[in-house]
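Residues 133 to 478 (my numbering) are what the sequence shown spells out, left to right. See structure below.
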Amino acid sequence: MDFGKNTPQRPGGLKQCFVSALLYCTGEMQQLHTHMQDKFFPLQLVEGCLRGISRVILLNNPLSGALILAALLLESPWQALLGMLGLLASTFTAIILGQDCEEVSSGLYGFNGMLVALLMGVFSSAGDWYLWLLLPVCLGGAATTFLSSSLAPVLDRWDLPPPGAPESTNHTQLHVPQLLQGVMLGVGQIFACGTVGPSLLILVAVFLFSPILAVYALLGSGISTIAGLSMSVQHSFLYSGLSGFNGALGCMVVGVFYILSWRTHLLSIANALLSAYTDIALSNLLGVLGLPASSWAATLTGTLVLLLTGKNLKEYRIPTGKVTSPEQNLHSHKQWSAANTNATDV
């Protein structure tokens with residue numbers, strides 16, 4: 133009789149197990165982080181490095197980091213090697229300097245090193261597998277830790293996170309399918325990935341951490357592409373996603389550091405536009421000197437957005453030390469609001 137009673141419950145049990153496993157892998161995977169605290173150092177290092185990879189795109193999920201690493205390997209094994217070397221150099225420098233263990237294990241000292249290493253690989257004229265490039269990559273990765281450590285006391289006062297790092301007209305007809313593909317590639321170009329497969333993997337990695345951020349990434353890239361169209365940016369930049377990634381980052385910054393509301397949603401759209409137009413201006417300015425604009429536009433506008441002091445926005449601003457996924461931030465805000473309402477009623 134017991135077997136008969138248990139049999140109908142199996143599908144529900146399997147469904148519950150699947151949902152539990154899915155929830156375990158989403159967000160910040162805090163249970164895994166807690167579980168790794170007493171494990172061997174190499175295992176902790178792997179988790180911290182994977183979190184550091186995901187931090188490049190404002191995430192904090194080791195599984196997302198693994199997907200992004202897979203995307204980099206698919207796009208260019210050489211770029212993946214440079215990125216990991218820069219990340220390890222900055223992480224080990226933080227350990228040697230005695231930085232906070234929790235911050236190191238959360239990847240906060242790894243992502244800048246990876247960004248610098250990727251940029252070195254992209255703009256190197258020596259091509260792939262020029263092994264002499266490994267030396268400046270290591271030095272550059274280590275230097276980011278010194279820089280972020282030095283700036284931390286200053287930035288903490290304003291509650292800011294550590295810093296990261298053409299022809300004028302078009303004469304060809306706009307190709308809409310390529311333009312739409314360019315919107316998705318804009319997410320991949322954050323990691324210098326300009327093909328569909330790796331860009332999809334990166335988008336899945338973002339979705340795994342936060343579906344809201346995945347929507348914001350595509351929204352920001354789309355807005356930035358439209359801004360590029362309005363300024364007659366070269367079509368090749370629109371199709372390759374190079375016009376979209378600053379807007380994607382600009383939009384995601386608001387999604388990460390502000391609680392979701394209609395006001396902050398409008399702010400995210402405005403910041404995506406501002407990032408896009410700033411990127412166009414910087415590209416024209418630095419292009420004269422032969423220098424890349426990279427993600428300076430998103431960094432600059434994102435910093436300005438975080439410094440806003442308006443009363444209607446300040447209440448939605450999340451302190452840097454308490455930032456998590458947008459879904460968790462929204463849930464915590466609702467709980468806090470409900471508790472305040474109950475206290476007022478009493």
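Note that CB positions come from ideal geometry on N, CA and C, so glycine has one too. From a predicted model like this one, the values you see are computed outputs, not experimental measurements.
Inter-residue CB distance, residue i and residue j (contact presumed, cutoff 8 angstroms)
i      : j      : result
Leu219 : Met246 : 4 angstroms
Gly373 : Gln321 : 4 angstroms
Gly318 : Leu345 : In fact, because the Cβ distance is near 14 angstroms, the residues do not count as touching under 8 angstroms.
Cys325 : Leu229 : So it is not a contact: roughly 31 angstroms between Cβ atoms.
Leu199 : Ala337 : 4 angstroms
Gly314 : Tyr371 : 5 angstroms
Gly360 : Phe369 : 7 angstroms
Gly242 : Arg187 : 7 angstroms
Gly180 : Gln211 : Not really, about 21 angstroms apart at Cβ, beyond 8 angstroms.
Gly419 : Val385 : Between Val385 and Gly419 the Cβ distance is about 25 angstroms, and since that is not below 8 angstroms, they are no contact.
Leu250 : Leu279 : Not confirmed; about 17 angstroms, so no contact.
For residue j and residue i, the rounded distance between their alpha carbons
i      : j      : result
Ala275 : Ser375 : 29 angstroms
Asn192 : Thr158 : 10 angstroms
Leu351 : Leu414 : 22 angstroms
Gly103 : Ser426 : With the chain running from 133 to 478 in the structure shown, residue 103 is simply not present.
Thr441 : Gly453 : 18 angstroms
Gln460 : Met161 : 12 angstroms
Ile450 : Ala258 : 43 angstroms
Leu155 : Leu182 : 19 angstroms
Thr396 : Val437 : 11 angstroms
Buried/exposed call for residue i, threshold 16 Cβ in 10 Å
i      : result
Ala404 : buried
His463 : exposed
Met363 : exposed
Asp232 : exposed
Glu234 : exposed
Asn244 : buried
Pro285 : exposed
Residue i - DSSP class collapsed to helix/strand/coil
i      : result
Tyr371 : helix
Tyr262 : coil
Tyr409 : helix
Tyr156 : helix
Ser390 : Looking at the sequence provided, one finds Tyr at residue 390 rather than Ser. Looking at Tyr390 - three-state DSSP - the assignment turns out to be strand.
Ser300 : Low per-residue confidence applies at Ser300: pLDDT is 43, beneath 50, and the placement is therefore not dependable, though the value from the model is reported in the following sentence. Ser300: coil per DSSP, three-state reduction.
Tyr348 : helix
Lys171 : coil
Met363 : coil
Thr166 : helix
Gly318 : helix
Ser186 : helix
Asp288 : helix
Within-8 angstroms CB hit, residue i to chain C
i      : result
Leu345 : Checking the listed chains, one finds no chain C in this structure; it contains a single protein chain.
*Please specify which runs of the alpha helix (DSSP H), each continuous and at least 4 residues long, are wholly inside the region 411-460, giving them in chain order.*
Whole alpha helix (DSSP H) segments, 4+ residues: 428-438, 443-446.
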